[in-house]
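Take 649 as the starting number for the first sequence in our numbering and just add one per residue.
For glycine and all other residues, C-beta sits at the position ideal for the given N, C-alpha and C.
Treat the numbers as computed from the prediction; the structure is a model and nothing was measured.
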Amino acid sequence: METIRRTEIKDLFCDKAKELVGKAIKIKGWVRTKRGNKNVAFIALNDGSTIKNIQIVVDIALFSEDVLKNITTGACLCVEGLLVESMGKGQTVEVQATQVEVYGIADVETYPLQKKGHTLEFLREIAHLRPRTNTFGAVLRIRHNMAFAIHKYFNDKGFFYWHSPIVTASDCEGAGEMFQVTTLDLENTPKNEAGKIDYTKDFFGQSTYLTVSGQLEGELGATSIGKIYTFGPTFRAENSNTPRHLAEFWMIEPEMAFYDIHDNMDLAEDFIKFLVRYALDNCKDDIQFLNDMYDKELIIRLESVLKEDFIRLPYTEAIDILSKSGQKFDIQVSWGMDLQSEHERFLVEKHFNRPVILIDWPKEIKSFYMKQNDDGKTVRGMDVLFPQIGEIIGGSEREADYNKLIKRMQELDMNIDRYAWYLDTRRFGSCPHSGFGLGFERLLLFVTGMSNIRDVIPFPRFPKNATF
RNA sequence: GCCUCCUUAGCUCAGUUGGUUAGAGCACAUGACUGUUAAUCAUGGGGUCCUAGGUUCAAGUCCUAGAGGGGGCGCCA
């Protein structure tokens, strides 16, 4: 007898599926629900290829009780049968089963997922199983599509994918607390003459850390092969307990030679709009599901971002708008302060009601590498602020003048020797250049409508939690 | 790290002023129903009331400490 090749469930919901009607097919997947009576059972089977389930119709008389009793929520099945137009409402096609093999049972007493809605908080406690739910299937398929679209966007625009290192010796990149990487025996560390830990005995001969940003190495790429982007894991050892922070997250950092701050803003806006457009075009079913189940405004919000230009606003004007707004803030605004969440939300969600790019920030509250403006007070940094999420992008035109950069680092009492390799970009053939960092999971918050960043990554890392 | 709220059945939650044997819906089991759509209907089993102390004749309920979780804030992407 001829063996039938497996069909993925997504292929039963596209146009060419019509050719399969009336033919014997083989489907493999996990049971979402089973219902029926003593004559017939209906199984909703899902293989992860799409959010849609295929309905398997089982004539009870044709199968042994042993097989039937093992078909429970979560069990994995291999089903052969005839693809037919459905007799019932709710689906166009279904499979009339002729053979059912149970690959793996799921004990109903102990399998945590039920054929009912679960809270996101409960699912976080069983993060190893939550990808089997509709919600996480949808989110994680969208996550893949966004990752792919990022590479497509940059590749099509002539950017090169640049691999900044994960392990770094830069101990104060300025972006946050770092996780230390060591092979030393922490119970018995080697000591130097001063009685401190002797890192010359460590694996790399010096103290090393997980990267908090690939930017500095990215600038080496931009000042050599022109336009690069990084896309990799990033680590911050901050004790951050919010729905917008992770200890391990993914960041996209483009860096471009000969781009000024305006080119940088143009790129950031075009990039985000491309990704949102890509999601709407390629993740329709999953986004529709999330729209229906979690956030009725999701699709409207995504489409509105595509239509509108982002507001571009100097920091000084933002302070002006905030102080004249008549709005009561917990913390009063004044020039020179960093903006609080409440201020950002007012600008984005109330005053302008669309994404806002804030530029020309006071130099005291921004990083050392940002290009200094002629006013002596501000730098060419840019923050892209989104509704609900806040800062989704942070970037700047970089200071290309060697002397200005050194002076700023001295003001900040930085260890210049450790940045010698970085400063060589300004010593030799320095050029105007710009770049930014986009938080991948924050983008996903926006695209999926999820409200907690721990729900848009398969295995979230945050303080006191690394179980799965 | 700070502020705040929460923790009762597998899940989601009620539980009155501190008072007898702690309830419901869903899930699960059994039964009914020739086609269901998170099927429906009937019956049934199922509890370390987060943990440790304390107050009281009596604590799920009040007090103290701790653990875990949610939301807000800070750090930032």
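Presumed contact (8 Å Cβ cut-off) between E728 and K674, rounded CB distance: As a first step, residue 728 must be located in the first sequence, where it is residue number 80. As a first step, residue 674 must be located in the first sequence, where it is residue number 26. The beta-carbon separation of E728 and K674, rounded to 5 Å, stays under the 8 Å limit for a contact.
Within 8 Å, strictly: CB atoms of I719 and V688: The residue labelled residue 719 in the question sits at position 71 within the first sequence. The residue labelled residue 688 in the question sits at position 40 within the first sequence. Cβ atoms of I719 and V688: not closer than 8 Å.
Which of helix, strand or coil DSSP assigns to G974: By one-based count along the first sequence, residue 974 stands at place 326. In the structure shown, G974 sits in coil (DSSP, three-state: anything other than H, G, I, E or B).
Span of the alpha helix (DSSP H), counted from its first residue to its last, around Y857: Taking the first sequence and counting its residues from 1, the one referred to as residue 857 is at position 209. Element bounds for Y857: not the alpha helix (DSSP H) but the beta strand (DSSP E), 856-858.
Residues bridged to S1044 (per DSSP): Working through the first sequence from its first residue, we reach residue 1044 at position 396. According to DSSP, residue pairing for S1044 in a beta bridge involves G1029, G1083.
Burial state of E1089, where buried means 16 or more other Cβ atoms lie within 10 Å: Taking the first sequence and counting its residues from 1, the one referred to as residue 1089 is at position 441. Buried, because 16 or more other Cβ atoms sit within 10 Å of the Cβ of E1089.
Distance, G824 Cα to A817 Cα: Taking the first residue of the first sequence as position 1, residue 817 is located at position 169. Taking the first residue of the first sequence as position 1, residue 824 is located at position 176. Straight across, the Cα-Cα distance linking A817 with G824 is about 14 Å.
Start-to-end residues for the alpha helix (DSSP H) that takes in N803: Start at 1 with the first residue of the first sequence, and residue 803 comes out as number 155. Run containing N803: 782-804, per the alpha helix (DSSP H) assignment.
N- and C-terminal bounds of the alpha helix (DSSP H) containing S990: By one-based count along the first sequence, residue 990 stands at place 342. Note on residue identity: the sequence assigns Glu, not Ser, to residue 990. Here the alpha helix (DSSP H) through E990 covers 989-993.
Meets three-Cβ-pair contact criterion under 8 Å: the region 694-703 and the region 657-667: These segments touch.
Test item: CB-CB of H1081 and A870 under 8 Å: Taking the first residue of the first sequence as 1, we reach residue 1081 at position 433. Taking the first residue of the first sequence as 1, we reach residue 870 at position 222. Note that the C-beta distance between H1081 and A870 is below 8 Å.
Separation of E867 from R1074, as counted between CA atoms: Position 426 of the first sequence holds residue 1074. Position 219 of the first sequence holds residue 867. Spanning the two alpha carbons is a distance of roughly 10 Å.
Backbone secondary structure at W810 - three-state DSSP: The residue given as residue 810 occupies position 162 in the first sequence. Judged by DSSP in its simplified three-state form, W810 adopts coil rather than helix or strand.
Backbone CA spacing between S1044 and S1078 [nearest angstrom]: Taking the first sequence and counting its residues from 1, the one referred to as residue 1044 is at position 396. Taking the first sequence and counting its residues from 1, the one referred to as residue 1078 is at position 430. If you draw a straight line from the Cα of S1044 to the Cα of S1078, it is about 16 Å long.
Any 3 or more C-beta pairs closer than 8 Å across the region 1027-1041 and the region 1003-1017: The region 1027-1041, when compared against the region 1003-1017, does touch it at the 8 Å Cβ threshold.
DSSP bridge partner residues for L731 (one or two, in chain order): Counted from its first residue, the first sequence places residue 731 at position 83. V743, per the DSSP bridge assignment.
Enclosing beta strand (DSSP E) for L946 [first to last residue]: Sequence index remark: in the first sequence, residue 946 carries index 298 (1-based). In this chain, L946 is not harboured by any beta strand (DSSP E); it is covered by the alpha helix (DSSP H) spanning 946-955.
CA-to-CA distance, V1027 to D918, given in whole angstroms: Mapped onto the first sequence, residue 918 falls at position 270. Mapped onto the first sequence, residue 1027 falls at position 379. When rounded, the distance between both Cα atoms is 23 Å.
K1014 in three-state terms, based on DSSP: Sequence index remark: in the first sequence, residue 1014 carries index 366 (1-based). DSSP places K1014 in the coil class of the three-state scheme, outside both helix and strand.
Boundaries of the alpha helix (DSSP H) in which L868 is found, first to last residue: Position 220 of the first sequence, counting from 1, holds the residue named residue 868. Residues 863-873.
C-beta atoms of F1110 and F1116 nearer than 8 Å: In the first sequence, residue 1110 corresponds to position 462, counting from 1. In the first sequence, residue 1116 corresponds to position 468, counting from 1. No, Cβ-Cβ distance for F1110 and F1116 is not below 8 Å.
W898 classed as buried or exposed, judged by whether at least 16 other C-beta atoms fall within 10 angstroms: If you number the first sequence from 1, residue 898 lands on position 250. Of the other Cβ atoms in all chains shown, 16 or more fall within 10 Å of the Cβ of W898; this residue is therefore buried.
Check whether K849 and L832 have beta carbons under 8 Å apart: Here residue 849 corresponds to residue number 201 of the first sequence, with the count starting at 1. Here residue 832 corresponds to residue number 184 of the first sequence, with the count starting at 1. Cβ atoms of K849 and L832: closer than 8 Å.
C-alpha gap between E773 and K1019, whole angstroms: Numbered from 1 along the first sequence, position 125 holds the residue referred to as residue 773. Numbered from 1 along the first sequence, position 371 holds the residue referred to as residue 1019. Their backbone Cα atoms lie some 45 Å apart in a straight line.
With 16 other Cβ atoms within 10 Å as the buried cut-off, status of D940: Within the first sequence, the letter at position 292 stands for residue 940. Exposed, by the Cβ-count rule.
Cβ pair F879, Y809 closer than 8 Å: The residue given as residue 879 occupies position 231 in the first sequence. The residue given as residue 809 occupies position 161 in the first sequence. Contact: yes.
Alpha-carbon to alpha-carbon, D1008 and K944: Position 296 of the first sequence, counting from 1, holds the residue named residue 944. Position 360 of the first sequence, counting from 1, holds the residue named residue 1008. One C-alpha to the other measures close to 36 Å.
K1014 classed as buried or exposed, judged by whether at least 16 other C-beta atoms fall within 10 angstroms: In the first sequence, the residue the question calls residue 1014 occupies position 366. When all chains shown are included, K1014 counts as buried.
Segment limits, beta strand (DSSP E) that includes R680: As a working note, residue 680 is residue 32 in the first sequence. Note, R680: beta strand (DSSP E), 672-684.
Closest Cα partner of T767 within the set W1069, Y942, K1112: Along the first sequence, read from residue 1 onward, the residue named residue 767 stands at position 119. Of the candidates W1069, Y942, K1112, the one whose C-alpha sits nearest the C-alpha of T767 is Y942.
Inter-stretch contact (C-beta, 8 Å, three-pair minimum) for the region 836-854 and the region 788-797: By the Cβ rule, the region 836-854 does not count as touching the region 788-797, because fewer than three pairs are nearer than 8 Å.
Segment contact flag, the region 879-893 with the region 752-761, C-beta cutoff 8 Å, min 3 pairs: Touching, no, given that fewer than three Cβ pairs across the two stretches are closer than 8 Å.
Euclidean distance between Cα positions of T1096 and K671: Looking up residue 1096 in the first sequence gives position 448. Looking up residue 671 in the first sequence gives position 23. Each residue's CA atom was taken as its position, placing T1096 and K671 some 37 Å apart.
Stretch pair the region 910-927 + the region 1051-1065: three plus CB contacts closer than 8 Å: Under the Cβ criterion (8 Å, minimum of three pairs), the region 910-927 does not count as touching the region 1051-1065.
Best match in G752, R1102, A745, G974 for proximity to A702 [C-alpha to C-alpha]: The residue labelled residue 702 in the question sits at position 54 within the first sequence. This sequence places Ile at residue 702; Ala is not what is there. The shortest C-alpha separation from I702 is found at A745.
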